[in-house]
Amino acid sequence: MALRGSSHIEPGRVPAGVLAVLVHIIFFAFMIFGLNWKTYPPEPMMVDLWSNLPQPEQSPVIKATPPPPVPKPVQPPPDAKPLPPEPKMPPPPPKPDIALKEKIEPKPIEKKQPAQKDQKEAKEKELKAQKEKEQDLKAQKEKELKDQQARVAAEIEQLQREQEARNKLQAQAAAQSRQGNEIAEYKARILAKIKSHIIMPPDLPGNPVAEFDVTLLPGGDILDVKLRRSSGFAAFDSAVERAIFLAKPLPLPPDPAMFPKFRNLSLKVHYRE
Numbered sequence: 001m002a003l004r005g006s007s008h009i010e011p012g013r014v015p016a017g018v019l020a021v022l023v024h025i026i027f028f029a030f031m032i033f034g035l036n037w038k039t040y041p042p043e044p045m046m047v048d049l050w051s052n053l054p055q056p057e058q059s060p061v062i063k064a065t066p067p068p069p070v071p072k073p074v075q076p077p078p079d080a081k082p083l084p085p086e087p088k089m090p091p092p093p094p095k096p097d098i099a100l101k102e103k104i105e106p107k108p109i110e111k112k113q114p115a116q117k118d119q120k121e122a123k124e125k126e127l128k129a130q131k132e133k134e135q136d137l138k139a140q141k142e143k144e145l146k147d148q149q150a151r152v153a154a155e156i157e158q159l160q161r162e163q164e165a166r167n168k169l170q171a172q173a174a175a176q177s178r179q180g181n182e183i184a185e186y187k188a189r190i191l192a193k194i195k196s197h198i199i200m201p202p203d204l205p206g207n208p209v210a211e212f213d214v215t216l217l218p219g220g221d222i223l224d225v226k227l228r229r230s231s232g233f234a235a236f237d238s239a240v241e242r243a244i245f246l247a248k249p250l251p252l253p254p255d256p257a258m259f260p261k262f263r264n265l266s267l268k269v270h271y272r273e
């Protein structure tokens, strides 16, 4: 039996102490190197965007196998004994057709604009179309008005030309009528003045007529007198010729423009008129 205070060590205490130290060292090493206290951000997720979804694979169409044909029963001869009926086997159930999957084509995704922007653009287009329509109607009305004014102006001009032509014709007719009347009037005056100077031969039978061509000068003087057709009585022809010279100057219209109508004057003198 050992004494107290002695330095004797109990057996088994040293290995236990060493084991405890190793356990603590391993525990601290696990705490330091085994646990990672550092936080890492989550890894980014990669997403593939498909404009068109891949088409699903079509499963092959398996056609149903038709059932085998049922053999026709053989007719036994008339003298043969009837055989017992064979048991009927139920026909195999038909295999169902595999339904075909419809081919689904993904529709392209349309990017929709905001509704407000669409409404604004639609309103602007509507206003623009309305403005263009109003401008077209205005241009059409202006064109129709110009065409109508041009037609009216052309009709008025045509009426004016026709009226001027009628007035001109009327003026010419009136002038010719006045001129004809004036010519007839002065020829009658000339003939009356000539007859006033004729000394008629007495007792001529019938009503003889002498025709003369008289050339006049401006103012009524006589340049020349020629007998065109004799009356058949020389005395009457001579009397008429003398009277023509005695009647000068013959009366002429005051308008000098009328003189060409009297330059070469043809006269018929009747015995009894």
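Going by full-length UniProt numbering, the letters in the sequence shown line up with residues 1 to 273, in that order.
No residue lacks a Cβ here, since even glycine has one placed at the ideal position from N, Cα and C.
As the structure is a prediction and not an experimental result, all values here were calculated from the model.
(request) Quick one: using the 10 Å Cβ neighbour count with 16 as the cut-off for buried, is L252 buried or exposed? (result) Position 252 of the sequence shown, counted from the start, is the residue given in the question as residue 252. L252 is buried by the Cβ-count criterion.
(message) What does DSSP give as the partner residue(s) for H270 in the beta ladder?
(response) On the sequence shown, position 270 is the one that residue 270 refers to. Beta-bridge pairing links H270 to V209.
(message) Tell me the rounded alpha-carbon separation between D213 and N207.
(response) Here residue 213 is taken as the residue at index 213 of the sequence shown, counted from 1. Here residue 207 is taken as the residue at index 207 of the sequence shown, counted from 1. So the alpha carbons of these two residues sit roughly 20 Å apart.
(request) Starting from the C-beta of I244, find all residues in its chain whose C-beta is less than 7 Å away, skip the five residues before and the five after it, and write them out in chain order. (result) Translated into the one-based positions of the sequence shown, residue 244 becomes position 244. Here I244 has I194, F212, V214, I222 and V225 as same chain residues with Cβ atoms under 7 Å from its own Cβ, once five neighbours each way along the sequence are excluded.
(request) Return the first residue and the last residue of the alpha helix (DSSP H) that I26 is part of. (result) Sequence index remark: in the sequence shown, residue 26 carries index 26 (1-based). It spans R13 to A29 - the alpha helix (DSSP H) in which I26 sits, taken as one unbroken run.
(request) Could you give the DSSP three-state label for K248: helix, strand or coil? (result) Along the sequence shown, read from residue 1 onward, the residue named residue 248 stands at position 248. Three-state result, K248: coil.
(message) According to DSSP, simplified to helix, strand and coil, what is I198?
(response) Reading the sequence shown from its first residue, position 198 is the one you call residue 198. DSSP places I198 outside both helix and strand once states are collapsed to three, so it counts as coil.
(message) Give me the residue from A188, A235 and P205 with the minimum Cα distance to L267.
(response) Reading the sequence shown from its first residue, position 267 is the one you call residue 267. Looking at A188, A235 and P205, the one whose alpha-carbon comes closest to that of L267 is A188.
(request) Check D224 in the structure and name its three-state DSSP category. (result) As a first step, residue 224 must be located in the sequence shown, where it is residue number 224. Assignment of D224 by DSSP, reduced to helix, strand and coil, places it in the strand class.
(message) Could you tell me the alpha carbon to alpha carbon distance between V269 and S238, rounded to whole angstroms?
(response) In the sequence shown, the residue the question calls residue 269 occupies position 269. In the sequence shown, the residue the question calls residue 238 occupies position 238. Approximately 12 Å between the Cα atoms of the pair.
(request) If I'm right that P201 touches F233 with Cβ under 8 Å, what's the distance once you round it to whole angstroms? (result) Position 201 of the sequence shown holds residue 201. Position 233 of the sequence shown holds residue 233. In this structure, P201 and F233 form a Cβ contact; the two beta carbons are roughly 7 Å apart against a cut-off of 8 Å.
(message) For D118 and Q130, what's the separation of their Cα atoms in angstroms?
(response) For this step, residue 118 is matched to residue 118 along the sequence shown. For this step, residue 130 is matched to residue 130 along the sequence shown. Computed Cα separation, rounded: 18 Å.
(message) Here's a check: name, in chain order, each residue in its chain whose Cβ is nearer than 6 Å to the Cβ of R229, leaving out the five neighbours to either side.
(response) Taking the sequence shown and counting its residues from 1, the one referred to as residue 229 is at position 229. Counting only Cβ-Cβ distances below 6 Å, and skipping sequence neighbours, we find E211.
(message) Mapping the DSSP letters down to three states, classify L204 as helix, strand or coil.
(response) The residue given as residue 204 occupies position 204 in the sequence shown. Reduced to three states, the DSSP call for L204 is coil.
(request) Output the distance between the C-alpha atoms of K248 and Q176, rounded to the nearest integer angstrom. (result) Position 248 of the sequence shown, counting from 1, holds the residue named residue 248. Position 176 of the sequence shown, counting from 1, holds the residue named residue 176. C-alpha separation (whole angstroms): 27 Å.
(message) I need the straight-line Cα distance from G17 to I32, nearest angstrom please.
(response) Locating residue 17 in the sequence shown gives position 17, counting from the first residue. Locating residue 32 in the sequence shown gives position 32, counting from the first residue. Spanning the two alpha carbons is a distance of roughly 23 Å.
(message) Do I198 and K261 have their beta-carbon atoms positioned less than 8 Å apart in this structure?
(response) As a position in the sequence shown, residue 261 is number 261, starting the count at 1. As a position in the sequence shown, residue 198 is number 198, starting the count at 1. Going by C-beta atoms, K261 is not nearer than 8 Å to I198.
(message) For S196, tell me which candidate among E144, K120, F27 and E241 has the shortest Cα-Cα distance.
(response) By 1-based counting over the sequence shown, the position of residue 196 is 196. The shortest C-alpha separation from S196 is found at E241.
(request) To the nearest angstrom, report how far apart R151 and N264 are at their CA atoms. (result) The residue you call residue 151 lines up with position 151 of the sequence shown. The residue you call residue 264 lines up with position 264 of the sequence shown. Roughly 53 Å between the two C-alpha positions.
(request) Per DSSP, which residues does R229 bridge with? Please list them. (result) On the sequence shown, residue 229 is found 229 positions in, with the first residue counted as 1. Answer is E211, bridged to R229.
(message) Which residues does DSSP list as the beta-bridge partners of L217?
(response) The sequence position of residue 217 within the sequence shown is 217, counting from 1. In DSSP, L217 forms no bridge with anything.
(request) Please go through the same chain and pick out, in chain order, the residues whose beta-carbon is closer than 7 Å to the beta-carbon of L217, but skip the five residues on each side of it. (result) For this step, residue 217 is matched to residue 217 along the sequence shown. Contacts found: L223.
(message) Measuring only the C-alpha atoms, how far is E132 from A115?
(response) Residue mapping note: residue 132 aligns to position 132 of the sequence shown, counting from 1. Residue mapping note: residue 115 aligns to position 115 of the sequence shown, counting from 1. Rounded to whole angstroms, E132 to A115 spans 26 Å at the Cα level.
(request) Would you decide whether L19 is buried or exposed? Buried here means 16 or more other CB atoms lie within 10 Å of its CB. (result) In the sequence shown, the residue the question calls residue 19 occupies position 19. The C-beta of L19 has fewer than 16 other C-beta atoms within 10 Å across all chains shown, which makes the residue exposed.
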